[in-house]
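Structure record follows, encoded as structure tokens.
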Amino acid sequence: MDAPIGLTLQLGGVAPNVIRELSGIYPTFVSAFKELVSNAYDADAILVTIRFSSDLSTVTVEDNGAGMTPFEFQDEYLRIGGSVQGRGEDMTARGRRPIGRKGIGFLAVARYCRQVEIHSHADRVVTFCESVVLEPQSSLPKPRRIPFFQGTFAHALASFTTVQAVRCEPAELTPAEYRQDGLTVELSPEVWRKFRGQSLIVQYAVDCRAVDLQATIDYDYLLSLEDNHNLEMLQDFCHIRLVPGAGATKPPSTRVTLHLREFVQRELQAPQRRGRVRNVASASGLDRFLWHLSRSVPVSYELSSQELERYGLEALAITISPTPFVIRVMDIANGPRELKRPLLGDMNVAALDSAALVRQPVRIESDGLAAQGYLFGFPQPIFPAELRGIAIRVRGVEIGKPDFLGVENDLPVKYRPFLSQVMGEIIVTEGLDAINAIMPGREGFYAENGQFQALRRHLVGDGTVELGVLGQVLQQLWKQRSVESSVARIVQEARRRGEAFLDVSQAITALSIGSRYGRALRRLFARSDVVANGLCHVPKYQIQLPGTIGDYALELSDLTEGDYQLDTEHNVVRLSRDAKMWDSSLYILGRDFDISLRSGGPGDPVCEIDFSANTIYLNWLHPTRSKMGDAMFVKSALFWRIAYLAANGDVDMMMDLAHRLLSFSA
């Protein structure tokens, strides 16, 4: 073959309306596009390059995998169900477990493209066997020719076809007993008589290294056909050219170019929403597409294997493919970038070291199913929201979107608010076969599949009584929230007391300078003859921290940030030793007073000040404290006592000064 040969292919056995239904299995463009990446993976590609045109009207996927022979293109790529029938092997040549075998083939992207161009070169010699029954004729004066290679590509590949052997079991014919003549085998009359009535097997090889496959599929035409159209007579939906290649010197490859429909172009061209973008849905169309693609193809995590092990995530560091698999995107605006699977989103990697992180390992080995990974419960809602839920990866591909396997509305009400804080990464290493367990489009699992039911029971139970691993995470988060609420109250009360003391100091200082009571206040705080004679004799009241809150022990620690820290691994709450929070002193007009809380009764004074010992006594068990609250009680008790002492018997002055102190605002 010296010049390209053009061919057309038929598509039979499926009605147009069925084709349209099959093309709609993939609900989004990225879910259909990932099938092209899966094809490259199954073809043992090491590098996949994705290129977008400047106007995003076309996208090209090129890989250095094994390429497609014309026969594979016709029998597996174009034929619905062909990949299921044609691939019986468990491993690829490079030891990968194939992703494919759903049999949707070329229809995956039909809904999103007007046309697809395919260029492929395979570096293989393909061997076939053709069986022919020799007619039992007695008179054969001339040599007889037996055709062994027929079909669409026979004429185009004739010059690259070689007969390797001719057998008539159990005997094998010698080269002297037959002769290849183009696409036929010529037998002499003597040989024919010898084996007449028996099956003759012709083994021949086609050197596909000598040609390049170029094909164009017209989706617009194919999907516009009426339902009563006879597809078996359809000749022009796919045009193929076999072009002379460079032979064995050219490496194998496949390049697929998609001519996108207008609605897909608009989606990719969508700008990023204004303001702070936390969810993927608010990102630009192209960034959104690439993020979802990186989550649905067999690429490694954004964290290296060493980093995953560093943060105790060894179960995610397993190797998906025995050989490298890299996806590189050639983005005109941002330059080349390699796709990695996002794991943390907006969360800093330090979140994996957080003592408040709930980490629940998952390991399943049951009835041919093996899976491992983790469920995480974070202290705060997870962003982007697209990371929330349990992601399940089979052969490196995420099946559907992360979710909670349908138990969201069945969970106890107290646990539901915490679902926004839970994410999971589960890697299935054995089981959940693509044909029997995974729905077309890889958008979910067949609910009746036994292995999926086992996986679901382990992860989420029945969603009501038995909650599986998810229930353990939710229970921990619920306990944390209860503990945090208790600790927050303790911290809040301590801070309010401190703020109340500060308010007292500021109010007295302000009125001592800018009011008519300034002289009286300064004179009072210069005295040392005023002493306490009641509360000083009452037992002290000790504000003690509880030893435990729920299942958590409570201890004071020197924290670098924050008021407290939850350590879920050791069930400990660490409270900050912050001096300001727990300070029990008060500075007023140049004097430092110690605050002494006393266990007085209803008949004891509310407050006393001993200027000789620089001590303020507060009746902490006085019933008015429970009614007013700690902060208001502190200010009210101190202001009334100071106003009483500063007024020195003047009732009007005492009332007015107390009112001014209580109404003071810094």
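Residue 693 is where the sequence shown ends in this note's numbering, and the numbering goes up by one at each step. Cβ coordinates follow ideal geometry from the N, Cα and C atoms, glycine included.
Can you round the beta-carbon distance between residue i and residue j to whole angstroms, since I take them to be within the 8 Å contact cut?
i	j	result
Q241	V283	Between V283 and Q241 the Cβ distance is about 12 Å, and since that is not below 8 Å, they are no contact.
P18	D150	Residue 18 lies beyond the residue range present for the chain, which begins at 28 and ends at 693; the question has no answer from this structure.
F176	L210	5 Å
M681	Y671	5 Å
P170	S215	5 Å
R147	F100	Reading the sequence as shown, one finds Ser at residue 147 and not Arg. So it is a contact: roughly 7 Å between Cβ atoms.
L295	I391	Actually they are not in contact, since the Cβ atoms of L295 and I391 sit about 38 Å apart, beyond 8 Å.
L122	P349	What sits at residue 122 in the sequence shown is Gly, not Leu. About 4 Å; that satisfies the 8 Å criterion.
S623	T642	6 Å
Rank the options by C-alpha distance to the C-alpha of residue i and give the top, closest one.
i	options	result
L63	E48, D90, F79, S81	D90
N463	Q480, R604, S321	Q480
S500	Q478, D530, I453, Q448	A small correction: the amino acid at residue 500 is Val; Ser does not occupy that position in the sequence shown. With distances taken between Cα atoms, V500 lies closest to Q448.
I669	D245, Q592, V600, V557	V557
V600	P54, A120, V514	V514
T491	G302, A378, D437, H266	D437
F98	I267, R121, D82, A137	I267
V136	L249, M95, V75	L249
Y246	S65, Y442, L134	L134
R469	V153, F100, S323	S323
N375	R355, F410, M357	F410
V78	A185, R121, D358	Sequence inspection shows Arg at residue 78; the Val mentioned does not correspond to that position. Cα-wise, what sits closest to R78 is D358.
F638	V229, S690, F552	F552
V86	S50, I145, Q333	I145
T651	S327, G627, E336	G627
V440	M450, Q502, V496	Q502
T189	R508, P197, Q207	Q207
F691	A192, F666, D677, R293	F666
A640	S663, P629, S612, S653	S612
V153	A93, V678, I345, R106	A93
I73	K428, I354, M450, R543	I354
Can you find the residues in the same chain that come closer than 7 Å, C-beta to C-beta, to residue i, ignoring five residues on each side of it along the sequence?
i	result
L583	L602, R604
G115	Here G115 scores only 48 on pLDDT, less than 50, and its place in the model is too uncertain to base an answer on.
A297	S311, G312
E457	G395, L396, A397
V510	I576, G577, Y579, L593, V600
R524	D657, A658, V661
P632	G561, L562, N646
T119	D69, D71, P125
G113	Low confidence applies here, because G113 scores a pLDDT of 49, under 50, leaving its location unreliable and the question unanswered by this model.
K506	G577, D578
N476	N463, A464
Counting contacts by CB-CB distance shorter than 8 Å, is residue i in contact with chain B?
i	result
L613	Looking at the structure shown, chain B is missing, and only one protein chain is on hand.
Near residue i, which residues of its chain fall below 6 Å by C-beta distance, leaving aside the five closest residues on each side in sequence?
i	result
G400	A342, V389, E452, I453, I454
L227	V159, L161, C195
I419	I426, I453
V661	A527
N598	D578, Y579
L494	G488
R223	L161, P163
I347	P325, G423
V307	R315, W318, P411, E413
L184	V233
F56	Y139, V291
G40	Here G40 scores only 47 on pLDDT, less than 50, and its place in the model should not be relied on; the value that follows carries that caveat. Contacts found: none.
Excluding five sequence neighbours on each side, which residues of the same chain lie with their C-beta closer than 8 Å to the C-beta of residue i?
i	result
F187	M28, V233, D234, C235, A237, V238
N560	E635
Exercise for the section: Could you tell me whether the stretch 414–433 touches the stretch 476–491, using the rule of 3 or more Cβ pairs below 8 Å? Expected result: Yes, the stretch 414–433 is in contact with the stretch 476–491.
Exercise for the section: May I ask you to verify whether the stretch 135–142 touches the stretch 287–301, counting CB pairs closer than 8 Å and requiring at least 3? Expected result: Per the Cβ contact rule, the stretch 135–142 is in contact with the stretch 287–301 (3 or more Cβ pairs under 8 Å).
Exercise for the section: Kindly confirm or deny that the stretch 642–655 and the stretch 563–580 touch, where touching means at least three C-beta pairs closer than 8 Å. Expected result: With the cut-off at 8 Å, the stretch 642–655 and the stretch 563–580 touch.
Exercise for the section: Specify whether the stretch 607–622 and the stretch 548–558 touch according to this definition: at least 3 beta carbon pairs, one from each stretch, less than 8 Å apart. Expected result: At 8 Å Cβ cutoff, the stretches touch.
Problem - Validate contact between the stretch 401–411 and the stretch 356–368 using beta carbons, cut 8 Å, 3 pairs - result: With a cut-off of 8 Å, the stretch 356–368 and the stretch 401–411 do not count as touching, because too few Cβ pairs lie within range.
Practice task
Would you be able to state if there are at least three C-beta pairs under 8 Å between the stretch 373–384 and the stretch 591–600?
Solution key: Yes: the two stretches touch, three or more of their Cβ pairs being nearer than 8 Å.
Handout entry: Any 3 or more C-beta pairs closer than 8 Å across the stretch 516–523 and the stretch 465–473
Key = In short, these stretches do not touch, since the Cβ pair count stays below three.
Practice task
List in chain order: all unbroken alpha helix (DSSP H) runs of 4+ residues lying wholly within the stretch 155–215.
Solution key: Taking 4 residues as the shortest admissible run, the stretch 155–215 contains no complete alpha helix (DSSP H) segment at all.
Exercise for the section: Would you mind listing the beta strand (DSSP E) stretches within the stretch 310–368 that are 3+ residues and don't spill past its ends, in chain order? Expected result: You should have 353–358, 362–365.
Exercise for the section: Could you tell me whether the stretch 300–310 touches the stretch 341–356, where touching means 3 or more Cβ pairs closer than 8 Å? Expected result: Under the 8 Å Cβ criterion, the stretch 300–310 does not count as touching the stretch 341–356, having fewer than three qualifying pairs.
Handout entry: Ordered list of alpha helix (DSSP H) runs contained in the stretch 630–686, each at least 4 residues
Key = For the stretch 630–686, whole alpha helix (DSSP H) runs of length 4 or above, ordered along the chain, are 650–655, 657–674.
Exercise for the section: Tell me the start and end of each unbroken alpha helix (DSSP H) in the stretch 446–485 that is at least 4 residues and wholly inside, in chain order. Expected result: Assignment of alpha helix (DSSP H) within the stretch 446–485, counting only whole runs of 4 or more residues, yields 461–464 in chain order.
Practice task
Jot down the residue ranges of each uninterrupted alpha helix (DSSP H) in the stretch 481–549, minimum 4 residues, whole runs only, in chain order.
Solution key: As far as the stretch 481–549 is concerned, its whole alpha helix (DSSP H) runs of at least 4 residues are 495–541.
Practice task
Please list the segments of the alpha helix (DSSP H) lying wholly inside the stretch 222–304, counting only runs of 4 or more residues, in order along the chain.
Solution key: Runs of the alpha helix (DSSP H) inside the stretch 222–304: 246–250, 289–296.
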